[in-house]
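Chemist:
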Amino acid sequence: MFLVRTQPKTLIGTLIILRLRRTKFGIGRHHGRMDDIDSAIVRELQRDARQTNRELAGKLNIAPSTCLERVRALRARGVITGYRATVDLRALNRPVQALLTVRIRPMNREVIERFKAFLTSLPEVLSVYVVAGGDDFLVHVAVPDVDRLHALLMDRIFKRREVVDCRSSVIYQHVANDVVEPLPAERS
Numbered sequence: 001m002f003l004v005r006t007q008p009k010t011l012i013g014t015l016i017i018l019r020l021r022r023t024k025f026g027i028g029r030h031h032g033r034m035d036d037i038d039s040a041i042v043r044e045l046q047r048d049a050r051q052t053n054r055e056l057a058g059k060l061n062i063a064p065s066t067c068l069e070r071v072r073a074l075r076a077r078g079v080i081t082g083y084r085a086t087v088d089l090r091a092l093n094r095p096v097q098a099l100l101t102v103r104i105r106p107m108n109r110e111v112i113e114r115f116k117a118f119l120t121s122l123p124e125v126l127s128v129y130v131v132a133g134g135d136d137f138l139v140h141v142a143v144p145d146v147d148r149l150h151a152l153l154m155d156r157i158f159k160r161r162e163v164v165d166c167r168s169s170v171i172y173q174h175v176a177n178d179v180v181e182p183l184p185a186e187r188s
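For the sequence shown, UniProt numbering gives the first residue as 1, with consecutive numbering after it.
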């Protein structure tokens, strides 16, 4: 524990107490780039975000206080943006998934933002990507059946004035990488 006396701004002086701990990661709080411990924390939380801090610390062989401090720092730095439940789309009456590619015109920010807002308001839409290349949007949808997919395309998407083309690809299988690892920085 260090005592730091600051210059008084008023008649009453200010005393600040800083508590710095020596850990195997050095003295003080951890900031900056992700190291191996941060990467391990992120990896483990992606595998199971419901585990307690004590369980997580035990898996990583670090003190619970260090683990909690690291998780808080990862959230503060925006590395961890939230915790979600993974759901079975079939259990939510959405067994049919498709990717839609959409082209719009005229191509300007206002039209893009308006169309993006329209898409995200549709209950069938899982995610929207604004992309470069021949298409302008890639849209992931999940619906009860192909009739509902057809209705979505004909009654909602193609009715929009800005839509000049839309193609759909039904997804037969979906495989996701549940744990995303940080990539090493390139050295110049």
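Cβ atoms here follow ideal geometry from the backbone N, Cα and C, with glycine treated the same way. The model shown is predicted, which means the values in this text are computed figures rather than measured ones.
1) Can you tell me whether isoleucine 171 is buried or exposed? The criterion is at least 16 other CB atoms within 10 Å of its CB, across all chains shown.
2) Is aspartate 38 buried or exposed, if buried means 16 or more other CB atoms sit within 10 Å of its CB?
3) Where do the N-terminal and C-terminal ends of the alpha helix (DSSP H) with glutamine 46 fall, by residue?
4) How many Å lie between proline 106 and alanine 142 at the Cα?
5) Beta-carbon within less than 6 Å of valine 42's beta-carbon, same chain only, minus the 5 sequence neighbours each way: which residues are those?
6) Please go through the same chain and pick out, in chain order, the residues whose beta-carbon is closer than 7 Å to the beta-carbon of aspartate 145, but skip the five residues on each side of it.
7) Give the secondary structure of glycine 26 by DSSP, where H, G and I count as helix, E and B as strand, and everything else as coil.
8) When we look at the beta-carbon of aspartate 50 and count the other beta-carbons within 10 Å, is it buried (16 or more) or exposed?
9) Suppose contacts are defined by Cβ-Cβ distances below 8 Å. Is valine 102 in contact with valine 139 by that definition?
10) Measure the CB-CB distance between valine 164 and isoleucine 157 and report whether it falls below 8 Å.
11) When the Cα of aspartate 88 is compared with those of His174, Gly134, Asp48, Lys159, which residue comes out closest?
12) What are the start and end residues of each continuous alpha helix (DSSP H) run of 4 or more residues lying completely inside the stretch 68-148, in chain order?
13) At what residues does the beta strand (DSSP E) containing arginine 167 begin and finish?
14) DSSP three-state label for arginine 187, please.
15) Where does valine 71 land, buried or exposed, given buried means 16+ other C-beta within 10 angstroms?
16) Leaving out the 5 sequence neighbours to the left and right, which residues in its chain are closer than 6 Å to serine 168 when beta-carbon positions are compared?
17) According to DSSP, simplified to helix, strand and coil, what is proline 64?
Modeler: Reading off the structure:
1) Numbered from its first residue, the sequence shown carries residue 171 at position 171. Exposed is the call here.
2) Reading the sequence shown from its first residue, position 38 is the one you call residue 38. Buried, by the Cβ-count rule.
3) By one-based count along the sequence shown, residue 46 stands at place 46. It spans 36-47 - the alpha helix (DSSP H) in which glutamine 46 sits, taken as one unbroken run.
4) Position 106 of the sequence shown, counted from the first residue, corresponds to residue 106. Position 142 of the sequence shown, counted from the first residue, corresponds to residue 142. The straight-line gap from Cα to Cα measures roughly 28 Å.
5) Position 42 of the sequence shown holds residue 42. Correct list: empty, nothing qualifies.
6) Here residue 145 corresponds to residue number 145 of the sequence shown, with the count starting at 1. Closer than 7 Å at Cβ, skipping near neighbours: Val96.
7) What you label residue 26 is simply residue 26 of the sequence shown in a count that begins at 1. In this prediction, glycine 26 has a pLDDT of 40, which is less than 50 and means its spatial position is unreliable; nothing more can be read from the coordinates.
8) As a position in the sequence shown, residue 50 is number 50, starting the count at 1. First, the residue type needs correcting, since residue 50 is arginine and not aspartate in the sequence shown. Arginine 50 is exposed by the Cβ-count criterion.
9) Looking up residue 102 in the sequence shown gives position 102. Looking up residue 139 in the sequence shown gives position 139. Cβ distance < 8 Å, so valine 102 and valine 139 count as in contact.
10) Working through the sequence shown from its first residue, we reach residue 164 at position 164. Working through the sequence shown from its first residue, we reach residue 157 at position 157. No, the Cβ-Cβ distance between valine 164 and isoleucine 157 is not below 8 Å.
11) Mapped onto the sequence shown, residue 88 falls at position 88. Looking at the Cα atoms, His174 is the closest of the given residues.
12) 109-121
13) Here the question's residue 167 lines up with position 167 in the sequence shown. From DSSP, the beta strand (DSSP E) with arginine 167 extends over 163-171.
14) Translated into the one-based positions of the sequence shown, residue 187 becomes position 187. Arginine 187 falls in the coil class under three-state DSSP.
15) Translated into the one-based positions of the sequence shown, residue 71 becomes position 71. Buried: at least 16 other Cβ atoms inside 10 Å.
16) Position 168 of the sequence shown holds residue 168. Here the set comprises Ala98, Leu100.
17) Within the sequence shown, residue 64 is the residue found at index 64, counting from 1. Note: proline 64 maps to helix in three-state DSSP.
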